[in-house]
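Data first, discussion second: the structure below is written as structure tokens.
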Amino acid sequence: MTTSHQRPPRSRDLRIGLLGSYGGYNIGDEAILQCVLGCLRGHRPTARLIVFSREAEHTRAHQPMADEVVDWEGVPQKQVTDVLSSLDLLVLGGGGILYDGEARRYLKLVRAAQARGVRTFAYAVGAGPLREPDDREAVRGVLADMDEVVVRDEESRLVLEEVGVERDIVVTADPALLLPPEPFTAEMMRQEGVPPHARLVGMSVREPGRAAEKLDEGDYHALLADVADFLVRRLDAHVVFMPMERHDVRHAHAVLSRMTAPDRGRILHSAYTPGQVLGLMSHLDLVVGMRLHFLMFAALSGLPVLPLPYAGKVFDFARRLGAPALVGVAREQVGLLLAEVDRLWDEFPQRRVDLGARVRALRELAAETCARCGALLDEMDRAGQEDAGGGRGVTEEAGDDDPAADAAVPASQGAPLLSPAPHSGDGALRGGGAGQEA
1137 MTTSHQRPPR SRDLRIGLLG SYGGYNIGDE AILQCVLGCL RGHRPTARLI
1187 VFSREAEHTR AHQPMADEVV DWEGVPQKQV TDVLSSLDLL VLGGGGILYD
1237 GEARRYLKLV RAAQARGVRT FAYAVGAGPL REPDDREAVR GVLADMDEVV
1287 VRDEESRLVL EEVGVERDIV VTADPALLLP PEPFTAEMMR QEGVPPHARL
1337 VGMSVREPGR AAEKLDEGDY HALLADVADF LVRRLDAHVV FMPMERHDVR
1387 HAHAVLSRMT APDRGRILHS AYTPGQVLGL MSHLDLVVGM RLHFLMFAAL
1437 SGLPVLPLPY AGKVFDFARR LGAPALVGVA REQVGLLLAE VDRLWDEFPQ
1487 RRVDLGARVR ALRELAAETC ARCGALLDEM DRAGQEDAGG GRGVTEEAGD
1537 DDPAADAAVP ASQGAPLLSP APHSGDGALR GGGAGQEA
């Protein structure tokens, strides 16, 4: 890795930074953060874990494994670079953060860390679309100098190769595949107005945006309404819409308004943790949806899953599951889509074993990312011991000769995160521009 200066030998617990689309904008991103924190805590129980967040107060309240949380948007650059200078390792990702308009912003911080001698690791990131010259240049330059680059799907590797990244790229799977479930109780279902003992179909819709540029709102709202009505009739089911971020609520209402049986639909309005959304799956019988992590949670729960691929990452996940996957989400596909739903329901008892095996394989790949990051930490420990043996004593405190020792999280960033995530009420959904889904 190219750096501007050599860091002095380490004689303290590791300081590890995490940088991603964190701060409560998207349940999938929060699931990723929880799993990456758990990985790092498992490998280094005494390390200080520092999250760079887009909404620090939310992260402090909902991620109890983080020791410090730092705002990195809308604050003086020196505050952020001081914290970067104090790190031993910066973990980028996971999630879909390398895309037009955003890649250069994240990679600016990664490059600043590299320039200060900080090791850097890309943790199962997603990439694409990448068409903007500035973003492509940033990706080519910064990823070349990272200690390791791990992506979560084959689509992301192909995007990076097309951009011109010339280095080894490891493909694993999304970190959220290792998320532990939390209870989603019968009382919570009652409060949401979901009828007990009914057959339930989960549905996930999303807003158009940079991650789904070609979606026509009216077109896909009508398509999903047709699917929902078909499931009501075919299965005598109720449809439960689960927003994965705030803007999804409006689009769920738009689909519900186009249904011929809107009384058989419910939109969940309370805010929930990622683990609770995973727990919700225990109440469902089938899932149809667009949001990647909603589909992922359904697959983890052994449900029949019909992905609606609006982007390459969803198509890639469908392929890896062996699930039926159409190309795109367009109204003219309604006949094909309804046939796929019908076939999925009828054939799922025979597909269940295969789905379970595929999900186990994906979980093993997700765990491989964690193991690779742990191997880098082991390598850093060995290098630190060798440096200490040849120079400073291992018991010496970092002092005036270590400029990073004086760098601290500014007082304005608040206290370390102390409280666990609430099980309802505040939840994991927040307002503001959500950007790309994880």
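The opening position of the sequence shown corresponds to residue 1137 in our numbering, with each subsequent residue numbered one higher.
We treat Cβ as the ideally placed atom computed from N, Cα and C, and that holds for glycine.
Quiz item: CA-CA distance, Ser1157 and Ala1202?
Solution: Between Ser1157 and Ala1202, the C-alpha separation is close to 15 Å.
Quiz item: With distances taken between CB atoms, is the gap from Val1307 to Val1287 smaller than 7 Å?
Solution: Result yes, Cβ atoms of Val1307 and Val1287 sit closer than 7 Å.
Quiz item: Which same chain residues, not among the five before or five after Leu1422, have their C-beta less than 7 Å away from its C-beta?
Solution: Residues Val1337, Leu1439, Pro1440 and Trp1481 of the same chain have their beta carbon placed closer than 7 Å to that of Leu1422, with the five preceding and five following residues left out of the count.
Quiz item: If you drop the 5 nearest sequence neighbours on each side, which residues of the same chain put their C-beta closer than 8 Å to that of Arg1479?
Solution: A distance below 8 Å between beta-carbons, with the five flanking residues on each side excluded, links Arg1479 to the following residues of its chain, in chain order: Pro1460.
Quiz item: When you compare each of Ala1258, Asp1281, Val1275 and Gly1229 to Tyr1250 by their alpha carbons, which one comes out closest?
Solution: For clarity, residue 1250 is Gln in the given sequence; the question names Tyr instead. Per the C-alpha coordinates, the member of Ala1258, Asp1281, Val1275 and Gly1229 positioned closest to Gln1250 is Asp1281.
Exercise. Counting only the same chain and skipping the five closest in sequence on each side, list residues whose C-beta sits under 6 Å from that of Ala1361.
Key: Hits under 6 Å: Val1391, Arg1394 and Met1395.
Quiz item: In this structure, does DSSP put Arg1335 in helix, strand or coil?
Solution: Looking at Arg1335 - three-state DSSP - the assignment turns out to be strand.
Exercise. Report yes if the C-beta distance between Val1341 and Ala1388 is below 7 Å; otherwise report no.
Key: Yes.
Exercise. For Ala1364, I'd like the list of residues in its chain whose CB is within less than 7 Å of its CB, leaving aside the five on either flank, ordered along the chain.
Key: Hits under 7 Å: Met1339, Val1375, Val1391, Met1395 and Gly1401.
Self-check item: Same chain, Cβ closer than 8 Å to Glu1290, five either side skipped, listed in chain order
Solution: Excluding the 5 residues flanking it on each side, Glu1290 has same chain C-beta neighbours closer than 8 Å at Val1307 and Asp1452, in chain order.
Practice problem: Would you mind listing the alpha helix (DSSP H) stretches within the segment 1204–1255 that are 4+ residues and don't spill past its ends, in chain order? | Solution: Residue ranges of uninterrupted alpha helix (DSSP H) with 4 or more members, entirely inside the segment 1204–1255 and ordered along the chain, are 1213–1221 and 1239–1251.
Quiz item: With a CB to CB cut of under 6 Å and the five nearest residues on each side skipped, what residues in its chain are close to Ser1189?
Solution: Once the five neighbours on either side are set aside, the close Cβ partners of Ser1189 are Tyr1158, Gly1159, Thr1195 and Val1205.
Quiz prompt | Exposed unless 16 or more other CB atoms sit within 10 angstroms - verdict on Ala1167 | solution = Its Cβ being crowded by 16 or more others within 10 Å, Ala1167 is buried.
Quiz item: Closest Cβ-Cβ distance between Leu1474 and chain C: below 7 Å?
Solution: The chain inventory of the structure shown lacks chain C, comprising one protein chain alone.
Quiz item: Using the rule of at least 16 other Cβ atoms within 10 Å of the residue's Cβ for burial, across every protein chain shown, is Ser1221 buried or exposed?
Solution: By the Cβ-count criterion, Ser1221 is buried, with 16 or more other Cβ atoms from all chains shown falling within 10 Å of its own Cβ.
Exercise. Drop a sphere of 10 angstroms on the beta-carbon of His1333, count the other beta-carbons inside from all chains shown, and report buried for 16 or more, exposed for fewer.
Key: By the neighbour-count rule (16 or more Cβ atoms within 10 Å), His1333 is not buried but exposed.
Exercise. Using alpha carbons as the reference points, say which of Val1299, Asp1304 and Ala1258 lies closest to Val1172.
Key: Of the candidates Val1299, Asp1304 and Ala1258, the one whose C-alpha sits nearest the C-alpha of Val1172 is Ala1258.
Self-check item: Inter-stretch contact at 8 Å, needing at least 3 Cβ pairs: the segment 1315–1331 / the segment 1507–1520
Solution: These segments do not touch.
Exercise. Locate the beta strand (DSSP E) running through Leu1155, then write down its first and last residues.
Key: Under the DSSP assignment, Leu1155 falls in the beta strand (DSSP E) whose first and last residues are Arg1151 to Leu1155.
Practice problem: In the DSSP assignment, find the unbroken alpha helix (DSSP H) run with Glu1191 in it and report its ends. | Solution: No alpha helix (DSSP H) contains Glu1191, which DSSP labels as neither H nor E.
Quiz prompt | Spatial distance of Leu1513 from Val1285 (CA atoms) | solution = Here the C-alpha atom of Leu1513 lies approximately 15 Å from the C-alpha atom of Val1285.
Exercise. Could you pull out every residue in the same chain whose Cβ sits closer than 7 Å to the Cβ of Pro1331, ignoring the five residues on either side in sequence?
Key: So the qualifying residues of the chain are His1374.
Quiz item: Can the beta-carbon of Arg1454 be found less than 7 Å from the beta-carbon of Pro1443?
Solution: Reading the sequence as shown, one finds Ala at residue 1454 and not Arg. The Cβ atoms of Ala1454 and Pro1443 sit closer than 7 Å to each other.
Quiz item: Under a Cβ-count criterion, where at least 16 other Cβ atoms within 10 Å of its own Cβ denotes burial, should His1429 be classed as buried or exposed?
Solution: His1429 comes out buried.
Quiz item: What separation, rounded to the nearest whole angstrom, lies between the Cα atoms of Glu1209 and Val1477?
Solution: C-alpha separation (whole angstroms): 43 Å.
Quiz item: For Leu1392, does the three-state DSSP call read helix, strand or coil?
Solution: Here Leu1392 carries a helix assignment [DSSP, helix/strand/coil].
Quiz item: Would Arg1151 be called buried (16 or more neighbouring beta carbons within 10 Å of its own) or exposed?
Solution: By the 16-neighbour rule on beta-carbons within 10 angstroms, Arg1151 is buried.
Quiz item: On the three-state DSSP scale, how would you describe Arg1566?
Solution: Unreliable placement is indicated for Arg1566, whose pLDDT of 33 sits below 50; no coordinate value is reported for it.
Self-check item: Cα-Cα separation between Tyr1446 and Met1426, rounded to whole angstroms
Solution: Approximately 7 Å between the Cα atoms of the pair.
Quiz item: Is it right to say Asp1310 is buried, meaning 16 or more other beta carbons lie within 10 angstroms of its own, or is it exposed?
Solution: By the neighbour-count rule (16 or more Cβ atoms within 10 Å), Asp1310 is buried.
Practice problem: Return the residue from the list Val1219, Glu1191, Asp1218 and Ala1197 that minimises the CA-CA distance to Asp1207. | Solution: Ranking Val1219, Glu1191, Asp1218 and Ala1197 by Cα distance to Asp1207 puts Glu1191 first.
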